[in-house]
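Chemist: Residue numbers (my numbering): 1 to 153. The beta-carbon is built from N, C-alpha and C at its ideal position, and this holds for glycine as well. Mind looking over this structure? Questions follow.
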Amino acid sequence: MPHHKRAELLQAATAFCDSFAQKRPPAEIFSHFSTSEDILAYEHGLPELAPFLGREFKGQDGVQKYFEMIFSCLSYERMQFSNYAVDAVENKVSVRGTATFTWTATTESWDEVFTYVLAFDEHHKVTRYEIWADSGAAYLASKGELKELRSKP
Numbered sequence: 001m002p003h004h005k006r007a008e009l010l011q012a013a014t015a016f017c018d019s020f021a022q023k024r025p026p027a028e029i030f031s032h033f034s035t036s037e038d039i040l041a042y043e044h045g046l047p048e049l050a051p052f053l054g055r056e057f058k059g060q061d062g063v064q065k066y067f068e069m070i071f072s073c074l075s076y077e078r079m080q081f082s083n084y085a086v087d088a089v090e091n092k093v094s095v096r097g098t099a100t101f102t103w104t105a106t107t108e109s110w111d112e113v114f115t116y117v118l119a120f121d122e123h124h125k126v127t128r129y130e131i132w133a134d135s136g137a138a139y140l141a142s143k144g145e146l147k148e149l150r151s152k153p
């Protein structure tokens, strides 16, 4: 596989992740996605735990709805990305992220390590955005129970 393809995928993934870390506007983050209707955002987890978990957000409208939900429920600080792994054959990049998230309605926060797997089209635009994160902490924070749990011996 040519080295330039790997470098281009890494650059596209880095630009996408940097847009999150820099808290760019949702429209700018969304600009990293393909304009195709065949795009997907999927955050792994039980759908009963949060409105953005365990549901496929398909197409332009679906992915926009995913980001609207995320930004209405969560805020974050100190987001960083590392450990990029590029699969130039499959046009995918996996990346490890860290951040402090806050459930905005309850103001409860937690430190989290999460993983993205990004699939890209031939133009290096995201077609599939999968997230593995701490759905338990998000659920407890959404219910206002995370601080209470942490205070128990």
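For a quick check, are the C-beta atoms of A138 and L46 less than 8 Å apart?
Modeler: Within the sequence shown, the letter at position 138 stands for residue 138. Within the sequence shown, the letter at position 46 stands for residue 46. Taking 8 Å as the Cβ cut-off, A138 and L46 do not qualify as a contacting pair.
Chemist: Name the two residues that bound the continuous beta strand (DSSP E) containing L49.
Modeler: Along the sequence shown, one-based indexing puts residue 49 at 49. From DSSP, L49 is part of no beta strand (DSSP E); its letter is neither H nor E.
Chemist: Nearest-angstrom Cα distance between Y116 and K152?
Modeler: Stepping through the sequence shown from its first residue, residue 116 is reached at position 116. Stepping through the sequence shown from its first residue, residue 152 is reached at position 152. In a straight line, the C-alpha of Y116 is about 32 Å away from that of K152.
Chemist: Restricting to Cα atoms, I'd like to know which of Q22, W110 and A27 is closest to S135.
Modeler: Locating residue 135 in the sequence shown gives position 135, counting from the first residue. The shortest C-alpha separation from S135 is found at W110.
Chemist: If we count the other Cβ atoms within 10 Å of its Cβ and call it buried at 16 or more, is E108 buried or exposed?
Modeler: The residue given as residue 108 occupies position 108 in the sequence shown. Flag for E108 reads buried.
Chemist: Going by other Cβ atoms of all chains shown within 10 Å of its Cβ, with 16 needed for buried, is N83 buried or exposed?
Modeler: Reading the sequence shown from its first residue, position 83 is the one you call residue 83. With fewer than 16 Cβ atoms within 10 Å of its Cβ, N83 is classed as exposed.
Chemist: Pick out whichever of H32, E148, G54 and S34 has its Cα sitting closest to the Cα of Y42.
Modeler: Within the sequence shown, residue 42 is the residue found at index 42, counting from 1. Answer by Cα proximity: G54.
Chemist: How far does the alpha helix (DSSP H) with R150 in it extend, from its first residue to its last?
Modeler: Within the sequence shown, numbered from 1, the residue matching residue 150 stands at position 150. L146 to S151 is the extent of the alpha helix (DSSP H) around R150.
Chemist: Should D87 and S34 be called a contact, given that it needs their Cβ atoms to be closer than 8 Å?
Modeler: Position 87 of the sequence shown, counted from the start, is the residue given in the question as residue 87. Position 34 of the sequence shown, counted from the start, is the residue given in the question as residue 34. No, Cβ-Cβ distance for D87 and S34 is not below 8 Å.
Chemist: For K92, does the three-state DSSP call read helix, strand or coil?
Modeler: Taking the sequence shown and counting its residues from 1, the one referred to as residue 92 is at position 92. In this structure, K92 counts as strand in the three-state DSSP scheme.
Chemist: Using DSSP bridges, identify the partner residues of Q80.
Modeler: By one-based count along the sequence shown, residue 80 stands at place 80. DSSP lists T98 as partners of Q80.
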